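Protein chains in written order, with my numbering: chain A, 9 to 366; chain B, 9 to 366; chain C, 9 to 366; chain D, 9 to 366.
Right, one structure below, let's go through it.
Number of protein chains: 4
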Amino acid sequence: MIIVMATNATEKEADNVRDEIRQRGLTAHDNYGTQRVVIAVLGDVAPVRDVLMGKLSVMPGVESVTPISRPYKLTSRESHPEDTVIEVLGTKVGNGNLTIMAGPCSIEGRDMMLETAQAVAASGATILRGGAFKPRTSPYAFQGLGIEGLKYLAEASKLTGLPTITEVMEPSQVDVVAEHSDILQVGTRNMQNYSLLTAVGKAGKPVMLKRGYGATIEEWLMAAEYIVSSGNPHVILCERGIRTFETYTRNTLDLTAVPLLHHLTHLPVIVDPSHATGKRWLVKPMALAAVAAGADGIMVEVHPNPDQARSDGEQSLTFDQFADMASALNQIHEMVKTLNKDPFTMPGQVKVGGTSKH
Amino acid sequence: MIIVMATNATEKEADNVRDEIRQRGLTAHDNYGTQRVVIAVLGDVAPVRDVLMGKLSVMPGVESVTPISRPYKLTSRESHPEDTVIEVLGTKVGNGNLTIMAGPCSIEGRDMMLETAQAVAASGATILRGGAFKPRTSPYAFQGLGIEGLKYLAEASKLTGLPTITEVMEPSQVDVVAEHSDILQVGTRNMQNYSLLTAVGKAGKPVMLKRGYGATIEEWLMAAEYIVSSGNPHVILCERGIRTFETYTRNTLDLTAVPLLHHLTHLPVIVDPSHATGKRWLVKPMALAAVAAGADGIMVEVHPNPDQARSDGEQSLTFDQFADMASALNQIHEMVKTLNKDPFTMPGQVKVGGTSKH
Amino acid sequence: MIIVMATNATEKEADNVRDEIRQRGLTAHDNYGTQRVVIAVLGDVAPVRDVLMGKLSVMPGVESVTPISRPYKLTSRESHPEDTVIEVLGTKVGNGNLTIMAGPCSIEGRDMMLETAQAVAASGATILRGGAFKPRTSPYAFQGLGIEGLKYLAEASKLTGLPTITEVMEPSQVDVVAEHSDILQVGTRNMQNYSLLTAVGKAGKPVMLKRGYGATIEEWLMAAEYIVSSGNPHVILCERGIRTFETYTRNTLDLTAVPLLHHLTHLPVIVDPSHATGKRWLVKPMALAAVAAGADGIMVEVHPNPDQARSDGEQSLTFDQFADMASALNQIHEMVKTLNKDPFTMPGQVKVGGTSKH
Amino acid sequence: MIIVMATNATEKEADNVRDEIRQRGLTAHDNYGTQRVVIAVLGDVAPVRDVLMGKLSVMPGVESVTPISRPYKLTSRESHPEDTVIEVLGTKVGNGNLTIMAGPCSIEGRDMMLETAQAVAASGATILRGGAFKPRTSPYAFQGLGIEGLKYLAEASKLTGLPTITEVMEPSQVDVVAEHSDILQVGTRNMQNYSLLTAVGKAGKPVMLKRGYGATIEEWLMAAEYIVSSGNPHVILCERGIRTFETYTRNTLDLTAVPLLHHLTHLPVIVDPSHATGKRWLVKPMALAAVAAGADGIMVEVHPNPDQARSDGEQSLTFDQFADMASALNQIHEMVKTLNKDPFTMPGQVKVGGTSKH
């Protein structure tokens with residue numbers, strides 16, 4: 009932590025800052041510049057980080073306080089240089105594998121779930137998705153089939169041999185969702201629902217954490233830290249678009265987050281181009297772009313008849329569109345793997361892709 | 009709902025759109041322009057609004073689809089022209105009363121809670137606040153005293169005669185929080201936690217719904233609609249800053265939301281300048297501005313010794329600062345009430361302050 | 009234009025709206041719904057669009073006014089279905105060609121410009137870039153070599169046979185820049201400098217218009233409309249990141265803008281991953297992603313010795329890094345061309361890539 | 009400047025950083041923490057600030073680089089503790105005076121300009137505004153009367169005795185605008201038009217610099233620094249709303265910028281509620297809020313008949329509305345002046361309102 013004193017701060021004010029630091033068992037180290045003094049805090053700052061920053065930032069004579077360590081630890085690449093690879097029913101997420109999660113937005117019935125599952129399994133999906141508990145902006149919209157939907161999803165998994173993922177919306181649903189599904193999804197609106205994060209952290213199943221549409225990458229990693237620190241190291245991150253001033257698309261897909269996250273964290277990164285764009289015809293180009301940027305996979309919505317879908321039909325692919333896209337993604341992925349053996353290294357000498365070097 | 013066809017759309021494509029509308033029992037009404045046809049959907053669109061919009065928006069020949077009715081109903085001023093006034097323990101929120109909610113960010117112990125309650129009660133607070141369950145960005149930060157904290161809050165209420173407000177973070181906490189507190193607060197990170205919204209909608213106590221830091225005003229009103237449609241009409245809205253590109257302040261306080269909400273909804277509007285600005289010395293000017301803009305009240309954090317606070321100390325006021333500010337707010341409020349008997353009317357002829365006229 | 013009346017609007021208020029429309033020589037067409045009347049404006053709205061919208065939006069009884077035609081015309085795909093292809097010194101931008109613009113951020117001297125030009129020409133660049141007039145956030149930073157720099161750029165063009173692009177910052181510079189360079193660049197901070205847009209619109213050379221970092225896609229196309237309506241149809245659009253709340257990257261690269269622009273406009277679209285990310289090691293993955301998303305090319309900064317660059321060194325590539333990236337881009341581009349012969353069509357039946365069909 | 013090394017950085021990498029610092033004639037001062045080394049740069053960093061930051065940030069082993077001094081100097085409160093007061097024709101802007109700038113968006117003719125000037129002068133305006141050169145998003149919209157408009161504005165000044173302000177859009181217009189008007193306005197779209205900033209910096213007349221709608225406060229102050237460093241210390245800042253994801257209002261008025269700017273800079277701060285909100289009925293409450301937040305004044309649009317205005321009619325006030333608002337603003341201002349003699353002090357011990365103390 010670095011405390012920058014104002015140019016007109018008195019020596020007494022600087023002393024008060026030093027005292028405050030020492031009272032926490034830490035060391036205050038001075039850096040005298042030409043115009044002001046800058047005080048570094050040395051020692052194990054982590055346990056008192058936020059409180060100390062808050063306190064120092066309003067002390068007389070203090071111009072600014074800047075943390076130097078990142079607030080997330082277990083999820084950081086620094087603490088864990090090797091890529092995390094998550095294995096579910098023989099399918100691996102991360103480490104050079106291309107993950108394709110596909111299925112309907114909402115599970116609308118047994119037939120449509122099984123039909124969709126077979127179609128996407130036949131054309132390249134590696135994980136089945138389907139919504140049973142649906143978070144909807146309007147209280148008057150279709151809220152999903154609930155447990156009945158979970159059963160159809162589990163049946164689809166048996167039929168195809170593919171693992172499944174579905175959303176859980178509150179702590180009390182965690183057990184039943186974990187019973188029927190292989191991966192638990194935490195949605196964008198619940199990214200900072202800490203009760204839920206703690207609950208899925210204890211569920212014993214991998215968790216996919218979608219980025220909050222208003223959340224920074226740092227907050228996203230802090231939310232992942234909640235899950236990992238609750239005992240569950242198997243977290244997948246999913247970029248799905250952030251909120252900006254642009255209104256032609258529903259959200260702005262932040263693809264730069266993909267290589268950035270590979271630098272900051274060891275967790276695998278999936279991209280959801282369906283929700284970010286909100287338009288069927290934008291899904292394929294953005295999925296290709298995501299894989300070209302180094303994503304470990306993508307998640308898309310597929311429906312037997314998108315025009316009749318009970319939710320998100322406008323962004324769902326038909327079976328044919330999905331098959332065409334999945335084939336294209338695999339080709340791009342194969343090429344990108346060879347193209348990214350490259351001379352580009354990152355600060356701190358961690359390479360994209362994850363192996364540390366010196 | 010208005011469907012704008014592309015200039016090069018065929019008559020067959022327009023027919024398909026009309027058929028889709030009629031199949032839902034609605035009427036398609038043509039408006040032929042010089043360059044294109046525009047189709048209006050007439051009838052009771054509400055029950056199929058989202059699905060129909062989704063479907064039409066991706067049909068061949070369709071350029072755009074625009075809804076014309078707002079998706080929230082119970083919370084809208086159109087459906088309920090009179091201001092909602094919420095009465096708790098004899099204190100009224102809304103309808104020209106100035107509400108001042110004050111107390112510590114976190115309840116850190118019995119003594120500090122009671123001391124703070126007495127101080128703020130003596131200098132102008134009308135409602136006591138205090139956090140028992142704390143949503144924290146970091147899993148390693150102080151998470152609140154829980155039920156023990158709730159008991160101190162209830163004791164403070166008895167001591168001062170003031171009603172209380174405290175945050176509830178998950179459905180399973182609703183009962184115990186409702187038992188000890190007069191108003192339930194839903195925090196910014198849970199604004200779209202629909203399980204929680206439904207639960208507080210059934211709790212039988214007024215609810216204060218903070219705006220999600222990434223949420224539009226429309227989404228905020230839709231979240232309020234969840235609560236009201238669950239049976240609870242006593243909802244207070246609280247603006248607390250939104251996320252923007254500006255980094256000098258923690259969030260950007262959206263004060264224009266205040267007069268805008270008075271136009272769109274009948275619910276009272278409170279402003280929280282502490283969280284929006286994140287700095288103690290910005291709290292007073294922004295609280296004054298909020299009341300000048302027509303807010304029904306403000307919520308601030310007060311601490312006996314802000315420098316020793318376990319959370320948010322940098323934005324908490326001392327007792328003296330609070331007393332000074334509360335006095336100023338009351339003076340501004342008295343003046344603004346007389347200044348706002350004015351010639352400014354809004355579209356649809358609903359006046360600021362809320363009584364409809366013609 | 010669609011006028012939605014309030015549910016409590018009187019018939020007199022609706023009449024006033026109709027009168028206002030008719031006074032402009034337009035037709036008011038009623039659509040009576042169950043709750044309100046919606047009035048469509050028919051006729052040639054364009055000449056009075058903004059004024060009429062403004063006036064109607066504040067008339068008593070009016071709930072909202074929505075335009076149905078887009079405000080840009082000459083730049084729209086509707087008005088000009090075929091892709092615009094821009095040819096400079098035998099190099100084509102658009103229409104399936106991959107454009108790679110490369111060179112130093114600032115031209116720092118003759119030797120470095122010529123050396124860089126030869127290096128990038130040898131490894132895949134199709135257009136040379138180099139800054140002579142530099143817009144700098146700080147008045148104390150290096151502002152470029154000016155006309156001297158332009159001469160080195162022109163010399164580099166002769167040496168390599170490649171066309172050149174450089175930024176012009178004010179109307180009075182247009183002539184001299186046009187004399188020495190093949191393409192004029194308008195920078196992100198000048199996207200709505202209308203005097204400059206009009207001046208480059210009359211310069212007789214192609215223009216590359218960078219997106220304003222705070223500008224919507226619609227405003228960007230309106231800025232292009234200024235250039236085209238001044239007589240210059242040869243406009244290239246360049247996405248370079250927009251400003252959002254995320255601070256880990258300098259800006260958020262909006263790659264979804266690429267396929268979206270191919271739908272909305274016939275102009276070619278280039279992506280600048282250097283300025284958007286601000287980090288050298290993020291340039292290659294985002295350039296690959298841009299091409300995978302369908303971009304017509306990319307623009308990057310290359311420097312003989314980035315660590316000694318006088319501006320933007322942290323985002324400049326070395327010669328080796330550029331060569332590696334250019335090779336990768338060409339491979340991805342070849343693959344994407346074949347992968348995008350696909351079943352994804354867009355609303356209004358305009359295909360990605362641009363040929364209209366029915 | 010603070011360089012944080014990665015936890016796995018080698019001693020050799022840290023040495024390279026120290027060498028780089030020393031080569032610039034600066035001192036590298038180590039702070040050894042438990043996990044990493046943090047290097048402070050001591051000495052006169054300013055002249056090499058940006059280049060050094062860029063270079064260090066991509067050196068191997070470097071985790072992050074943070075500047076500690078602000079990039080603006082002449083505009084900072086630190087360098088100039090006393091409030092700047094700008095006097096034009098006997099009217100003072102800043103230092104406790106309430107400035108009310110009023111007049112038409114566009115000067116549409118002689119009569120309307122003179123009529124409006126007399127009306128606003130009679131009811132409280134202290135400075136006349138009127139647009140002669142209009143920046144318009146659409147090339148097809150009314151662009152202003154140009155020099156003819158300037159003459160009407162000058163005539164209005166003589167008639168009323170009030171000083172005037174009008175926008176200048178390009179360097180070549182500066183002379184003629186300065187000849188006819190007392191204050192030069194730089195619009196939001198030109199905030200980083202550096203050629204224009206330099207030109208108005210040499211014009212010898214006060215300048216009002218509107219905030220770019222996508223610009224941070226720091227960039228805004230850097231733009232002001234361009235003007236001041238060109239020799240013109242008489243700069244007024246004008247907050248007019250920033251671009252956010254909220255779409256119910258045209259922009260989001262950032263009123264917290266007002267007290268924040270009083271802390272960061274000595275320049276006076278004006279608020280424009282007309283452009284931020286885009287709606288006539290939101291102007292008064294936001295003007296009151298601006299003054300309550302401590303603004304030195306406001307700028308609003310007034311028109312004899314807003315419904316017939318050629319631009320921005322929907323946000324223009326009638327004469328009666330302006331008179332009502334101006335009276336209210338003066339009352340609030342008188343009250344706020346007494347209420348702000350308060351115990352709230354800011355970091356670095358600079359009080360709101362501006363006198364430094366110890």
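For glycine and all other residues, C-beta sits at the position ideal for the given N, C-alpha and C.
Keep in mind it's a predicted model, so treat the numbers as computed, not measured.
By the neighbour-count criterion, in which 16 or more other beta carbons inside 10 Å mark a residue as buried, Leu-158/A falls on the buried side. In this structure the region 234-244 of chain D lies against the region 207-218 of chain D, because at least three pairs of beta carbons, one per stretch, are closer than 8 Å.
Among the residues of the region 30-43 of chain D, those with a Cβ less than 8 Å away from any Cβ of chain A are His-37, Asn-39, Tyr-40, Gly-41, Thr-42 and Gln-43, in the order of the chain. Just measuring C-alpha positions, the residue of Ser-203/D, Tyr-234/D, Ile-191/D and Tyr-202/D sitting nearest Met-216/D is Ile-191/D. For Val-176/C, there is no enclosing alpha helix (DSSP H), as DSSP gives it neither H nor E. One alpha carbon belongs to Asp-58/A, the other to Ile-11/A, and they sit about 14 Å apart. Residues of the region 188-203 of chain A with a Cβ closer than 7 Å to any Cβ of chain B, in chain order: Arg-197, Asn-198, Gln-200, Asn-201, Tyr-202 and Ser-203. Taking 8 Å as the CB threshold, Glu-254/A lines the interface with chain C. With the criterion set as a beta carbon lying under 7 Å from some beta carbon of chain A, the members of the region 317-339 of chain B are Arg-318, Asp-320, Gly-321 and Glu-322, in sequence order. 8 Å or more divides the Cβ of Arg-26/B from the Cβ of Leu-60/B. Inclusion of Gly-51/C and Thr-260/B in the CB contact set at 8 Å is not warranted, their separation being larger than that value.
Proximity of chain A to Leu-263/C at the Cβ level (cut-off 8 Å) is accounted for by Leu-261, Leu-263, Met-294 and Ala-297, in chain order. Apart from the 5 residues on each side of it in sequence, Pro-143/A sits with its Cβ closer than 8 Å to the Cβ of Glu-175, Met-177, Gly-195, Arg-197 and Asn-198 in its chain, given in chain order.
When only Cα atoms are considered, Asp-328/C and Ala-317/C end up about 16 Å apart.
Chain-ordered, the chain C residues with CB closer than 7 Å to the CB of Pro-79/D read Ser-146. Between the region 69-89 of chain A and the region 270-289 of chain A, the count of Cβ pairs shorter than 8 Å is three or higher; the stretches touch. Beta bridge pairing from DSSP links Asn-39/A with Val-46/A. For Tyr-160/C, no Cβ of chain D is located within less than 8 Å of the residue's own Cβ.
The beta carbon of Val-344/D sits closer than 6 Å to those of Ala-300, all from its chain and outside the five residues before and after it, given in chain order. When secondary structure is reduced to three states using DSSP, Met-294/D falls in the helix class. In this chain, the alpha helix (DSSP H) harbouring Val-59/B covers 57-65. Interface flag for Gly-138/B against chain D is unset, since no Cβ pair is found closer than 8 Å. For Lys-63/D, the neighbours in chain C by C-beta distance under 9 Å run, in chain order, Pro-314, Asp-315, Gln-316, Ala-317, Gly-321 and Glu-322. In this structure, Gly-305/B sits near Thr-107/B, with a CB-CB distance shorter than 8 Å.
Below 8 Å, too few C-beta pairs join the region 136-153 of chain C and the region 322-339 of chain C to call them touching: fewer than three. Cβ-Cβ separation between Leu-170/C and Ile-115/C: approximately 15 Å, too far for a contact (criterion under 8 Å).
Non-local beta-carbon contacts of Val-49/D in its own chain, meaning distances under 6 Å to residues more than five positions away in sequence, involve Met-9, Ile-29 and Leu-34 in chain order.
When Tyr-256/A, Thr-224/A, Asp-320/A and Ala-149/A are compared, the shortest CA-CA separation from Gly-62/B is found for Asp-320/A. Counting only runs of at least 3 residues, the region 164-229 of chain C fully encloses the following beta strand (DSSP E) elements, listed from N- to C-terminal order: 172-175, 191-194 and 215-218. The C-beta of Asp-262/B has 16 or more other C-beta atoms within 10 Å across all chains shown, which makes the residue buried. With contacts defined as CB atoms closer than 8 Å, Val-46/B and Ile-47/C fail to qualify as a contacting pair. Cβ neighbours of Leu-268/B within its own chain (closer than 6 Å, five residues either side excluded): none. Where Lys-81/A is concerned, there is no enclosing alpha helix (DSSP H), because DSSP gives it neither an H nor an E.
Residue pairing by DSSP places Glu-247/B opposite Val-279/B in a beta bridge. Among the bridge pairs identified by DSSP, Ser-114/C is matched with Gly-139/C.
Within chain D, the residues placing a beta-carbon under 8 Å from that of Val-344/B are Leu-296 and Ile-340, ordered along the chain.
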